[in-house]
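Notes to accompany the following structure.
There are 2 protein chains.
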Amino acid sequence: MGKQRLFQDIAEKISDFISDGVFPPGSRLPGERDLAERFGVSRVTIREAAIALQAVGKVDIRTGSGIYVSDDQPAAQNALPEVSAFELTEARSLIEAEAAALAAKSISDESLAELDRLIEEMASSDKEVALAADREFHAVIARASANKAMVYTIETLWRMREELPTVKSSYDVVCYDDAQLLAKEHKDILEALKARDPVVARRAMREHFRRLISTMLDASEKEAMREVQQRLRASRVRFLDSSVPG
Amino acid sequence: MGKQRLFQDIAEKISDFISDGVFPPGSRLPGERDLAERFGVSRVTIREAAIALQAVGKVDIRTGSGIYVSDDQPAAQNALPEVSAFELTEARSLIEAEAAALAAKSISDESLAELDRLIEEMASSDKEVALAADREFHAVIARASANKAMVYTIETLWRMREELPTVKSSYDVVCYDDAQLLAKEHKDILEALKARDPVVARRAMREHFRRLISTMLDASEKEAMREVQQRLRASRVRFLDSSVPG
DNA sequence: ACCCTCGATTGCTCTTACAAATTAACGCTT
DNA sequence: AAGCGTTAATTTGTAAGAGCAATCGAGGGT
Chain A
7 MGKQRLFQDI
17 AEKISDFISD
27 GVFPPGSRLP
37 GERDLAERFG
47 VSRVTIREAA
57 IALQAVGKVD
67 IRTGSGIYVS
77 DDQPAAQNAL
87 PEVSAFELTE
97 ARSLIEAEAA
107 ALAAKSISDE
117 SLAELDRLIE
127 EMASSDKEVA
137 LAADREFHAV
147 IARASANKAM
157 VYTIETLWRM
167 REELPTVKSS
177 YDVVCYDDAQ
187 LLAKEHKDIL
197 EALKARDPVV
207 ARRAMREHFR
217 RLISTMLDAS
227 EKEAMREVQQ
237 RLRASRVRFL
247 DSSVPG
Chain B
7 MGKQRLFQDI
17 AEKISDFISD
27 GVFPPGSRLP
37 GERDLAERFG
47 VSRVTIREAA
57 IALQAVGKVD
67 IRTGSGIYVS
77 DDQPAAQNAL
87 PEVSAFELTE
97 ARSLIEAEAA
107 ALAAKSISDE
117 SLAELDRLIE
127 EMASSDKEVA
137 LAADREFHAV
147 IARASANKAM
157 VYTIETLWRM
167 REELPTVKSS
177 YDVVCYDDAQ
187 LLAKEHKDIL
197 EALKARDPVV
207 ARRAMREHFR
217 RLISTMLDAS
227 EKEAMREVQQ
237 RLRASRVRFL
247 DSSVPG
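Top line first, the protein sequences correspond to chains A and B.
Following the numbering used here, the numbering of the first sequence begins with 7 at its first residue and continues without gaps.
Following the numbering used here, the numbering of the second sequence begins with 7 at its first residue and continues without gaps.
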């Protein structure tokens, strides 16, 4: 980790100090010359670190006065919250179902054709391609809802699915274990949209995610079982070892 | 506004060049020495500007190679999308209704008491207090859904309501024009939650927003009428002026 | 008690210099 | 002629030192 630029190192250290309460919000941290001496780097480096921190809103540099820790740390501003795969899937179930219901009333024939194409693409053996198609399938429906707030929300939920490590691993395990079922669910959704039936579209979308949650539960159950077995085996080894002394 | 720091000036200029397509995404911009000469500043200043731009993701500095414009400009990353007040309200209606339905099944007595208190607070004549109470009312219900993805989504939607200027003005006009109705709607929602009835809670929440949309439509209609009248009056003046020559 | 001035502190920019990383050119080998 | 490794030039990264400008606080004058 020490191979990044020096000023980034310093920026991280200062940032850590801020999070750890060494430099409370609103407080003024030591002068550039002082910091340079403490960290054993040049003033330029301190300055670069400070500018980087200022650019992301963590500190506020005031000419002739000093460097001050921002009152409101921008933590929750950009960062996605730590949600479980279950929570995310439940939220997607509810929200995307409503998007599908909206879409059913106004989706264009072009979008329907696009969805047809994407379902075929999801059958691809290339995981990357299939995943991208999956994403686009849901995105097309979101856009067909003709509500930019819904589109943005659904995009954000997908970002959680990809950018949160724990969620991503859960999904990757579960998502393509039964491509057959997955394809059928997507087709059901598409059929409902083609029929312009909001109620059926909503139900189909919910069913899609309901099945996903159920599969996740099974998987996590199996995982739990496996862990228990492993622990038992380990303790058995330990027991056998300790039960046959010298 | 040339009174800000020099490196920020430079950073803005470079940023403008990027937005204007002078430096296309992915391209490499001139070396630090080159830029320094062109802008008539020192290399340090160029460097500080570059670091500020890198911190917000607009460029990527590669050691020994150069400064490159980021492929995906971070516009859509942090920024809220431009949504209309109608779109936002529709999305809130659908999403918060589902949150209420979830909450109905698991909300605690403490949260219910809190909601009671907040409804009283919303009756305050102080707009600030009433607005904060309104926000908290919806936030408490969101949290009671016990789904962090829903909580985050609803928080984000509220941010749109407050941070997007056009939306904010629409809401501020409409929201407190009939405090009587507003209070009744909130009470209806609370009653449904107390009864632990998801279906009624969902309906009550939807009704709340449905009425809001309807009021907005009325208001925008009145606004349109007013504009038309004003335009007519203006042209009448012009007509009278020009119809009496000399 | 208030305002003004002045000096010390601090951030801001410049210059010069050298180290480290990357890239491109060159020459060698196959 | 094509591929490959070495070298040299280019570019970013960091350091040290200096002077300038903005800010803040203490002290003096009204």
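From the three backbone atoms N, C-alpha and C, an ideal C-beta is built for every residue, glycine too.
| task | On a CA-only basis, which of B:L187, B:Y158, B:E88 is nearest L86 of chain A? Give me that one, please. | result | As a working note, residue 86 of chain A is residue 80 in the first sequence. Nearest of B:L187, B:Y158, B:E88 to L86 of chain A, Cα basis: B:Y158.
| task | Establish whether the CB of V146 of chain B and some CB of chain A are separated by less than 8 Å. | result | Residue 146 of chain B sits at position 140 when you count from the first residue of the second sequence. No, no contact with chain A.
| request: Inspect the CB distances between the stretch 213-222 of chain A and the stretch 113-123 of chain A and report whether three or more fall short of 8 Å. | output: no
| field | Where R44 of chain B falls, given that 16 or more other Cβ within 10 Å makes a residue buried | value | Stepping through the second sequence from its first residue, residue 44 of chain B is reached at position 38. Exposed.
| the stretch 151-167 of chain A: positions lying closer than 8 Å to chain B by Cβ | N153, K154, A155, M156, V157, Y158, T159, T162, L163, M166
| If you scan the stretch 113-153 of chain A from start to end, which runs of the alpha helix (DSSP H) of 4 or more residues do you find wholly inside it? | Along the stretch 113-153 of chain A, the alpha helix (DSSP H) occurs as fully enclosed runs of 4 or more residues at 115-128, 133-150, listed in sequence order.
| query | Which of helix, strand or coil does DSSP assign to V41 of chain A? | reply | Here residue 41 of chain A corresponds to residue number 35 of the first sequence, with the count starting at 1. Going by the sequence as given, residue 41 of chain A is Leu instead of Val. Residue state, collapsed to three classes: helix.
| What residues from the stretch 105-124 of chain A come within 7 Å of chain B, judged by C-beta to C-beta, listed N to C? | none
| request: For E213 of chain B, go through chain A and note every residue whose CB falls closer than 7 Å to its CB, in chain order. | output: Translated into positions along the second sequence, residue 213 of chain B becomes position 207. Under the 7 Å cutoff, chain A gives no residues; its nearest Cβ is about 16 Å from E213 of chain B.
| message | Checking the sheet assignment: what are the DSSP bridge partners for Y177 of chain A? | response | Counted from its first residue, the first sequence places residue 177 of chain A at position 171. The partner list for Y177 of chain A (beta bridge, DSSP) is empty, contrary to what the question assumes.
| message | Pull the bridge partners of D66 of chain A from the DSSP assignment, please. | response | Along the first sequence, one-based indexing puts residue 66 of chain A at 60. Answer is A:Y74.
| request: Spell out the partners DSSP gives R34 of chain B in its beta bridges. | output: In the second sequence, the residue the question calls residue 34 of chain B occupies position 28. Answer is B:Y74, bridged to R34 of chain B.
| query | Roughly how many angstroms lie between the CA atoms of R39 of chain B and D78 of chain A, to the nearest whole one? | reply | By 1-based counting over the second sequence, the position of residue 39 of chain B is 33. By 1-based counting over the first sequence, the position of residue 78 of chain A is 72. Taking the straight line joining both Cα atoms gives about 37 Å.
| When the cut-off is 8 Å and only beta carbons count, does Y74 of chain B lie next to chain A? | As a position in the second sequence, residue 74 of chain B is number 68, starting the count at 1. In terms of beta-carbon proximity, Y74 of chain B stays away from the interface with chain A, with every pair separated by 8 Å or more.
| request: Assuming A105 of chain B contacts I147 of chain B (C-beta within less than 8 Å), just tell me the rounded distance between them. | output: On the second sequence, residue 105 of chain B is found 99 positions in, with the first residue counted as 1. On the second sequence, residue 147 of chain B is found 141 positions in, with the first residue counted as 1. Right, their Cβ atoms sit about 6 Å apart.
| message | Nearest by alpha-carbon distance to T2 of chain B: which of B:G63, B:R11, B:F92 is it? | response | Missing from the structure shown is residue 2 of chain B; chain B here goes from 7 to 252 and no further.
| task | Under the assumption that A107 of chain A contacts A207 of chain A (Cβ atoms under 8 Å), give the Cβ distance between them as a whole number of angstroms. | result | As a working note, residue 107 of chain A is residue 101 in the first sequence. As a working note, residue 207 of chain A is residue 201 in the first sequence. Indeed they touch by this definition, with Cβ atoms about 6 Å apart.
| query | Looking at C-alpha atoms only, which residue of A:I57, A:S112, A:K133 is the closest neighbour of Q14 of chain B? | reply | Numbered from its first residue, the second sequence carries residue 14 of chain B at position 8. Of the listed residues, the one whose Cα sits closest to Q14 of chain B is A:I57.
| field | Proximal residues to E120 of chain A (C-beta, below 7 Å), its chain only, five neighbours per side dropped | value | Reading the first sequence from its first residue, position 114 is the one you call residue 120 of chain A. Taken in chain order, the residues that qualify are V146.
| field | Beta-carbon neighbours of I24 of chain B, restricted to chain A and to distances below 9 Å | value | Position 18 of the second sequence, counting from 1, holds the residue named residue 24 of chain B. Correct list: empty, because the minimum Cβ distance to chain A is about 15 Å.
| task | Take E142 of chain A as the anchor and find which of A:N153, A:D132, A:I125, A:V28 has the nearest alpha-carbon. | result | Translated into the one-based positions of the first sequence, residue 142 of chain A becomes position 136. Residue A:I125 is the option with its Cα nearest to E142 of chain A.
| query | With a Cβ-Cβ cutoff of 8 Å, do D203 of chain B and A110 of chain B count as a contact? | reply | For the purposes of this step, residue 203 of chain B is taken as the residue at position 197 of the second sequence. For the purposes of this step, residue 110 of chain B is taken as the residue at position 104 of the second sequence. Inclusion of D203 of chain B and A110 of chain B in the CB contact set at 8 Å is warranted, their separation being smaller than that value.
| Same chain, Cβ closer than 6 Å to A17 of chain A, five either side skipped, listed in chain order | For the purposes of this step, residue 17 of chain A is identified with residue 11 of the first sequence, where counting begins at 1. If we look at A17 of chain A and ignore the five residues flanking it on each side, its Cβ neighbours are A55, A58, L59.
| So, does the CB of A58 of chain A fall closer than 8 Å to a CB anywhere in chain B? | In the first sequence, counting from the first residue as 1, residue 58 of chain A sits at position 52. Chain B contact via Cβ: present.
| query | So, is the C-beta of V135 of chain A closer than 8 Å to a C-beta in chain B? | reply | Numbered from 1 along the first sequence, position 129 holds the residue referred to as residue 135 of chain A. So no, V135 of chain A is outside the interface.
| Residues of its chain near E134 of chain B, where Cβ-Cβ distance is below 7 Å and the 5 sequence neighbours each way are ignored | Looking up residue 134 of chain B in the second sequence gives position 128. So no residue of the chain qualifies.
| request: Compute the Euclidean distance between the alpha carbons of E233 of chain A and T51 of chain B, then round it to the nearest angstrom. | output: Walking along the first sequence from the start, residue 233 of chain A turns up at place 227. Walking along the second sequence from the start, residue 51 of chain B turns up at place 45. When rounded, the distance between both Cα atoms is 56 Å.
| In angstroms, rounded to a whole number, what distance separates the CA positions of L170 of chain B and D178 of chain B? | Indexing the second sequence from 1 puts residue 170 of chain B at position 164. Indexing the second sequence from 1 puts residue 178 of chain B at position 172. In this structure, the alpha-carbon of L170 of chain B lies about 12 Å from that of D178 of chain B.
| query | Is it the case that the Cβ atoms of A155 of chain B and M156 of chain A are separated by a distance below 8 Å? | reply | Taking the second sequence and counting its residues from 1, the one referred to as residue 155 of chain B is at position 149. Taking the first sequence and counting its residues from 1, the one referred to as residue 156 of chain A is at position 150. Against a cut-off of 8 Å, the Cβ pair of M156 of chain A and A155 of chain B comes out as no contact.
| How would you list, in chain order, the residues of chain B whose beta-carbon sits under 7 Å from the beta-carbon of A207 of chain A? | Stepping through the first sequence from its first residue, residue 207 of chain A is reached at position 201. Simply none; closest approach about 13 Å.
| Where F13 of chain B sits in the DSSP three-state scheme | For the purposes of this step, residue 13 of chain B is identified with residue 7 of the second sequence, where counting begins at 1. Helix, per DSSP.
| If you count every other CB in all the chains shown that lies within 10 Å of the CB of T95 of chain A, and 16 or more means buried, which is it? | As a first step, residue 95 of chain A is located in the first sequence; it is residue number 89 there, counting from the start. Per the 10 Å Cβ criterion, buried.
| field | Contact list for P87 of chain B against chain A, beta-carbon separation under 7 Å | value | Counted from its first residue, the second sequence places residue 87 of chain B at position 81. From the beta-carbon of P87 of chain B, the residues of chain A found nearer than 7 Å are K154, Y158.
| request: Give me the Cβ distance between S99 of chain A and A150 of chain A, rounded to the nearest whole Å; I'm assuming they're in contact under 8 Å. | output: As a working note, residue 99 of chain A is residue 93 in the first sequence. As a working note, residue 150 of chain A is residue 144 in the first sequence. With a Cβ gap of about 18 Å, S99 of chain A and A150 of chain A do not count as contacting.
| field | CB contact flag (L218 of chain B, V180 of chain B, <8 Å) | value | Your numbering for residue 218 of chain B matches position 212 in the second sequence. Your numbering for residue 180 of chain B matches position 174 in the second sequence. Yes, the Cβ-Cβ distance between L218 of chain B and V180 of chain B is below 8 Å.
| field | Secondary structure of D26 of chain A, DSSP reduced to three states | value | Mapped onto the first sequence, residue 26 of chain A falls at position 20. Note: D26 of chain A maps to coil in three-state DSSP.
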